[in-house]
Structures are given as structure tokens and as C-alpha cells.
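Input: a single structure, listed below in C-alpha cells.
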Amino acid sequence: MADTEKDILRGGQFLVKETNCEDVFTPEDFSEEQTMMKEAVAEFNEREIIAHKARFEAKDYALTEEVMRKAGELGFLGVAVPEAYNGLGMGFVSTVLTCDYISSGTGSFSTAFGAHTGIGTMPITLYGTEEQKQKYVPKLATGEWFGAYCLTEPGAGSDANSGKTTATLSDDGKSYKINGQKMWISNAGFCSLMIVFARIEDDKNITGFIVEYDPKNANGITLGEEEHKLGIRASSTRQVFFNDTVVPAENMLAGRGEGFKIAMNALNVGRIKLAAACLDSQRRIVTTGVQYANERKQFKTPISDFGAIKIKLAEMTTNAYVGESATYRASKNIEDRIAMREAAGNTHQEAELKGVEEYAIECSILKVAVSEDVQSCADEGIQIFGGMGFSEETPMEAAWRDARIARIYEGTNEINRMLSVGMLVKKAMKGHVDLLGPASEVQSELMGIPSFETPDFSELFSEEKVMIKKLKKTFLMVAGGAVQKFGPQLEEHQQLLIAAADILIEIYMAESAILRTEKNAKRFGEDSQKTQIAMSKLYLYNAVDIIEKKGKESIISFAEGDEQRMMLMGLKRFTKYQNYPDIVDLRNEIAEKVKAENKYCF
1 MADTEKDILR GGQFLVKETN CEDVFTPEDF SEEQTMMKEA VAEFNEREII
51 AHKARFEAKD YALTEEVMRK AGELGFLGVA VPEAYNGLGM GFVSTVLTCD
101 YISSGTGSFS TAFGAHTGIG TMPITLYGTE EQKQKYVPKL ATGEWFGAYC
151 LTEPGAGSDA NSGKTTATLS DDGKSYKING QKMWISNAGF CSLMIVFARI
201 EDDKNITGFI VEYDPKNANG ITLGEEEHKL GIRASSTRQV FFNDTVVPAE
251 NMLAGRGEGF KIAMNALNVG RIKLAAACLD SQRRIVTTGV QYANERKQFK
301 TPISDFGAIK IKLAEMTTNA YVGESATYRA SKNIEDRIAM REAAGNTHQE
351 AELKGVEEYA IECSILKVAV SEDVQSCADE GIQIFGGMGF SEETPMEAAW
401 RDARIARIYE GTNEINRMLS VGMLVKKAMK GHVDLLGPAS EVQSELMGIP
451 SFETPDFSEL FSEEKVMIKK LKKTFLMVAG GAVQKFGPQL EEHQQLLIAA
501 ADILIEIYMA ESAILRTEKN AKRFGEDSQK TQIAMSKLYL YNAVDIIEKK
551 GKESIISFAE GDEQRMMLMG LKRFTKYQNY PDIVDLRNEI AEKVKAENKY
601 CF
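The sequence shown: position 172 = 172 (UniProt numbering), numbered continuously.
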């Protein structure tokens, strides 16, 4: 395991530094303890969640609370919590793994679990004083209490720092009175503790508070009715109103005006966990889809034999495999960074905070990519089922509805796209990621004469790795050109930021799959990875297509004349294969494998 700073890529450096396959963590690297945890969580999911799916769909909020309590008794709510506070004190990969395998039964439980363990508990473990942690975290880790996170307001969604909720200090300085309204609050109906963000006087930034809630002694807190939602139907979602709610001054989280920072960093953790929460859902949808396609006959043939269905099965399976590869790659980077900081003398609190913050770019990338893939997967799942897919009697309909929220919460995908590029540019300004050097090298290369040598691509993934390098050059060319033209005003050009983000996302996802497959081919043999090789190649081909489109859109929107012509030629050079893969052949390989196994099998 990497244990020195130079061995671990910093967040965003994947773009400018080469990663060896031996240095990435893959699901095939799970330890014995992690494998046991995965099996325990998957068994709990089957027994307590999937077995009662109809009750969740019928808005049985009490069942959500009951299953959350059972998860707490088994320690699943405290996986990330240090042992000193009644948690299991497991590493970041185990936290992500738990979230992955507990989340596919229903989005209702997944949302309750994610809101409680992530944004409901993490702000206290990351920012709380020792007294606050001793008082509250053990109750949250064991499921004795449940947490909710009160940030969003009717006028403050993506612009989280614009909230109007106020906190007024009492004359004796011993307490604050909170007044205001919060909305879309997950777990509001059964929580005992709320992380509430409010503004003190005319402060520029909001402040976080730990607010206890007991319906028998409401302390000025009233709840709205349960919201009627498209999906996640048994997840308690209510408005929360504060009317002179008294909170002891010692319940302030971190310092005055630190709330916005707390909110943003809690969301970083939430983003990678949300990506994880979409993974097993994709595996299950693929399995359900292929089983139906193998059984359903039309024209006296199983529909899984038809090319039109094979396209779906192949693309769904590929996206699930790639999302899994990228999520566990980033999770281990975060875990290693936390360990490195602890070894350097940081407290666990500081180490975790900085470890996750370091990979905020990757967390945003994963949130966007995997939440969009699960929606597409569920959509194609309905299509495989045809008319039956539209019926509540089959599982695809609920999967599709539940998947839809993933693109909205933990920061919308639009916000996360702009954040990923914005954070990368900021890191470059601070000297944490050298974008300037590689970007000017790409500019020089564009002015030079391209090589006409025919490279030797006989080794596995040799051409694909060259393509990844060229795609990185495409990002540096496009983003570098945009930064040169607009400078600090780039953030006002949202369409360009979003296009650049799509390029960045595809590079990270495609590279993660290739590295995972290469690592496994080296240790288990290429023959054992035939289908995984096909998936890695198929995903890259699709990624090149997206990058070519987004690159062209950007270049013709900010460059003109000779500069535009030169960059368009560069784009053509950077997105051209020497040997194009046979896409139909790749899809057939993938579809035939899942058909034969009758399930997602990677």
C-alpha cells in the first residue's frame, strides 16, 4: 500500500500523471474482512429490505425507521464512526462498500441510510468538539437516535449560503434562538437530532448547530406533512419550521460562520457515497433484465438473442462495471490519504476531513457519472420488459422512479459538473496540480508536425492507454484555451464549464476501468478477463465519442479563425484511433456472458 505522499496521486492529478494499474484498488482486492462485511450487508438487504419492497412502495415510513434501527443494532450505521464513539472504526473503503450493498433494495431505505450516516452524523464526527462527539455520536452510531440535515430552504437550494434562517444570541450569551424554515429534509419524521444551518446577524456565511428534537417537547419545532414524491416513497421527507427554537451556545458546530464550509465538506463525503449507493442497483437491474430477457420469447426466440436487446444488456453491464471500478479506485485513494495524514500526526478528525477534501473533484465526477448511469440503466430495464416494465407489478418501474432523485441531491449534477472543473482550476492556481505546464506542452504539440510512425499495439490496452493520454490532452487544450480567454471570468461561462466537465468525467471513468481490467489480466490471466476487456474497450469508445462532441462544441464557441482551425485539427488528432474496435463484436461478447450467467457476474 502506498504510504508516502509522493506515491499517492493528489486529487485531480490523474489528469496530468500516469497511474500504474498496480497502484489502483479494485473490488477484486477486498480483504477477507471486507468480503465478510459485503456478504453480511447483502444478506441484510435481502432479508430486511427486498423482502418487504411492497411495504416500502406503499409509503410505510414506520418500516423505514424499524429497518434503520435493525441496521444500527448490527453496526451498519457506525461503520465509519471511530470505536471510541461506539462505531466499528472501519476504513473508508468499507464505508463505501457498506453503502453500496445496503442501498439496492429500495431508494427509500438508501436515502434514509445515506442521510443519517453521511450528512446526519459526519458533520459532528468531522467538526464536533470532544464533548459534542461523546454526547451525540454513540447514539447516532448505534441507531438509538437518527440524524437529519437541515440546509435547503424555499429560496436556498444550490445557493446553499443564501439561507434566511436566523440564529440570535440570548442576552446572557448562553443560547441561540433559531427561526426559519427548511425543506426537503430527509429523516425529519423520525429524527432525534438535526444539523441546522442558520445565519447569525449579518454574517457573510451561515453557521451550523446541533439541534435536539423530541416531539413531546418540541421546543418551537414543527414538521410539515410528508411530501408526496415521484420515488423514494417511504423515505420521510418533510418541511421543518423553527419558531424561537432554543439551542445551547455550546451546540454550535465548529466556529461562527463556518457552516458553509461544513456543508460543502459533508457533501463531498455524501457524493462518493451516493455514487456507491447507485452501484448495486445497477447490478440488480442488469440481473433482473437479463433473467427476463432469457425467459421472454417473441417470434419463438428468447428476446436476449436479439441484437437490439444485446445492445442494452452490454451497455448497462459496462456502465455498472465502470462505475464500480472508478468508485473503489477513489475510495482507496481517500483511505490512503487519511492513513498518511494520521501517520503524519493529524487527528483522525483532521485526517478524514482533509483526506476527503483532497479528492473533492473525484467525488463530484463519481456523483455525476454513476447517478446518470443508474437512471439510464433503469430506463433500459423498463424497455427490456416492454409494457410490463411500466407496471408496478414488475421491479423496473420503482427502480426508475427511485433513481431519478440521485441526479438532484448532494448538489445537482449541473452544480457538480461546474464544481469539478472549478476545483481543478483552483488546485492549479494553488500549485497542487500542474495544469499549466502540460497545457503549454499540448499547445506546442499542436504547432508541431504529428508523428506518422505506426506504433506497436500488440500488448493488451497499449492503444487504449495512448487514447487516454490523447483524451487528457484534449481536456488540457480545451480547458486551457478557455482559461486563457476568460481567466477568472470562466465561471460565468457555465456551458463551457459543463462541456469541459463531461470531458473530465469520461477520462476518469474510462481510465479507471482500463486500469482495473489490466491489473486483473496481469494477475488472473487475460482469458479470465475477456469480457472485462470488452467492457473497458466499449466504454472508452463511447467516451471518445462524447469527448469529441463536447470538445468541438467548446472550441467553436470560444475560439475563432486560425486558433479555432488549429484546435479542431488537434481535436481530430486526439480522438482518432489507429485501429477502431469492432463495437458490435464487443457488445455481443458482453451480452453473451451475462446471458450465459443469467446475472451481472463481475
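The beta carbon of each residue, even a glycine, is placed where N, CA and C say it ideally should be.
In this structure, does DSSP put residue i in helix, strand or coil?
{"i": "W184", "result": "strand"}
{"i": "R329", "result": "helix"}
{"i": "A156", "result": "strand"}
{"i": "F242", "result": "strand"}
{"i": "Q291", "result": "helix"}
{"i": "V322", "result": "helix"}
{"i": "residue 613", "result": "Given a span of 1 to 602 for the chain in the structure shown, any question on residue 613 remains unanswerable."}
{"i": "L140", "result": "helix"}
{"i": "I408", "result": "coil"}
{"i": "G525", "result": "coil"}
{"i": "N86", "result": "coil"}
{"i": "V16", "result": "coil"}
{"i": "T111", "result": "helix"}
{"i": "L515", "result": "helix"}
{"i": "T117", "result": "helix"}
{"i": "T317", "result": "helix"}
{"i": "L353", "result": "helix"}
{"i": "F25", "result": "coil"}
{"i": "V286", "result": "helix"}
{"i": "D336", "result": "helix"}
{"i": "I507", "result": "helix"}
{"i": "Y600", "result": "coil"}
{"i": "E227", "result": "coil"}
{"i": "D402", "result": "helix"}
{"i": "A2", "result": "Note on A2: pLDDT 42, under 50, position unreliable in the model; the coordinate value appears next. The answer is coil: DSSP assigns A2 none of H, G, I, E or B."}
{"i": "P450", "result": "coil"}
{"i": "D280", "result": "helix"}
{"i": "D203", "result": "coil"}
On the premise that residue j lies in contact with residue i, defined as a C-beta separation below 8 Å, what is that separation, rounded to the nearest angstrom?
{"i": "L490", "j": "L497", "result": "7 Å"}
{"i": "G105", "j": "I50", "result": "4 Å"}
{"i": "S108", "j": "N187", "result": "Contact doesn't hold; Cβ gap of about 11 Å is too wide."}
{"i": "T64", "j": "A314", "result": "In fact, because the Cβ distance is near 35 Å, the residues do not count as touching under 8 Å."}
Would you list the residues sitting across from residue i in a DSSP beta bridge?
{"i": "C150", "result": "V196"}
{"i": "S236", "result": "In DSSP, S236 forms no bridge with anything."}
{"i": "D214", "result": "N217"}
{"i": "K297", "result": "P302"}
{"i": "L253", "result": "G208"}
{"i": "S175", "result": "P248"}
{"i": "T347", "result": "Partner(s): none; T347 has no beta bridge."}
{"i": "T222", "result": "F241"}
Identify the continuous beta strand (DSSP E) that holds residue i and give its terminal residues.
{"i": "residue 604", "result": "In the structure as shown, the chain begins at 1 and stops at 602. Residue 604 is therefore absent and cannot be evaluated."}
What span of residues does the alpha helix (DSSP H) with residue i cover, start to end?
{"i": "D100", "result": "F92 to I102"}
{"i": "V483", "result": "S462 to F486"}
{"i": "V374", "result": "A360 to F385"}
{"i": "Q443", "result": "L436 to M447"}
{"i": "M122", "result": "M122 to Y127"}
{"i": "M37", "result": "E32 to F44"}
{"i": "I415", "result": "N413 to K430"}
{"i": "Y539", "result": "K530 to F558"}
{"i": "L267", "result": "G259 to A277"}
{"i": "K593", "result": "I583 to E597"}
{"i": "A71", "result": "Y61 to E73"}
{"i": "A54", "result": "K53 to E57"}
Between residue i and the ligand FAD, is there a pair consisting of the residue's CB and a ligand heavy atom that are separated by less than 6 Å?
{"i": "N598", "result": "For the structure depicted, the ligand FAD is absent and the ligand set is empty, with no information on it obtainable."}
* Are the segment 219 to 228 and the segment 153 to 160 touching by the rule of at least three beta carbon pairs closer than 8 Å? -> Flag = no, the segment 219 to 228 and the segment 153 to 160 do not touch.
* Flag this pair as touching only if the segment 119 to 135 and the segment 371 to 389 have three or more C-beta atom pairs under 8 Å; answer yes or no. => Fewer than three pairs of CB atoms, one per stretch, sit closer than 8 Å, so the segment 119 to 135 makes no contact with the segment 371 to 389.
* Given 8 Å, three or more beta-carbon pairs between the segment 425 to 444 and the segment 135 to 150 -> Taking one beta carbon from each stretch, the segment 425 to 444 and the segment 135 to 150 have fewer than 3 pairs nearer than 8 Å; the two do not touch.
* Asked: Quick check: the segment 475 to 482 against the segment 516 to 531, are there 3 or more CB pairs under 8 Å?
  -> Verdict: no, contact absent.
* To do: Decide if the segment 326 to 334 is in contact with the segment 259 to 277; the criterion is three or more beta carbon pairs, one per stretch, under 8 Å apart.
  => Contact holds: three or more Cβ-Cβ distances are below 8 Å.
* Asked: Do the segment 282 to 293 and the segment 390 to 404 touch if we need at least three Cβ pairs shorter than 8 Å?
  -> Yes: at least three Cβ pairs fall under 8 Å.
* With a cut-off of 8 Å, do at least 3 Cβ pairs link the segment 570 to 582 to the segment 289 to 303? -> No, because fewer than three Cβ pairs between the segment 570 to 582 and the segment 289 to 303 fall closer than 8 Å, the two stretches do not touch.
* Asked: Does the pairing of the segment 460 to 474 with the segment 510 to 517 give three or more beta-carbon distances under 8 Å?
  -> Three or more Cβ pairs closer than 8 Å define a contact, and the segment 460 to 474 meets that threshold against the segment 510 to 517.
* To do: Take every Cβ of the segment 585 to 601, pair it with every Cβ of the segment 310 to 325, and state whether three or more of those distances are shorter than 8 Å.
  => Yes, the segment 585 to 601 touches the segment 310 to 325.
* Asked: Are the segment 397 to 416 and the segment 369 to 378 in contact at 8 Å, needing three or more beta carbon pairs?
  -> Counting Cβ pairs under 8 Å, three or more are found: they touch.
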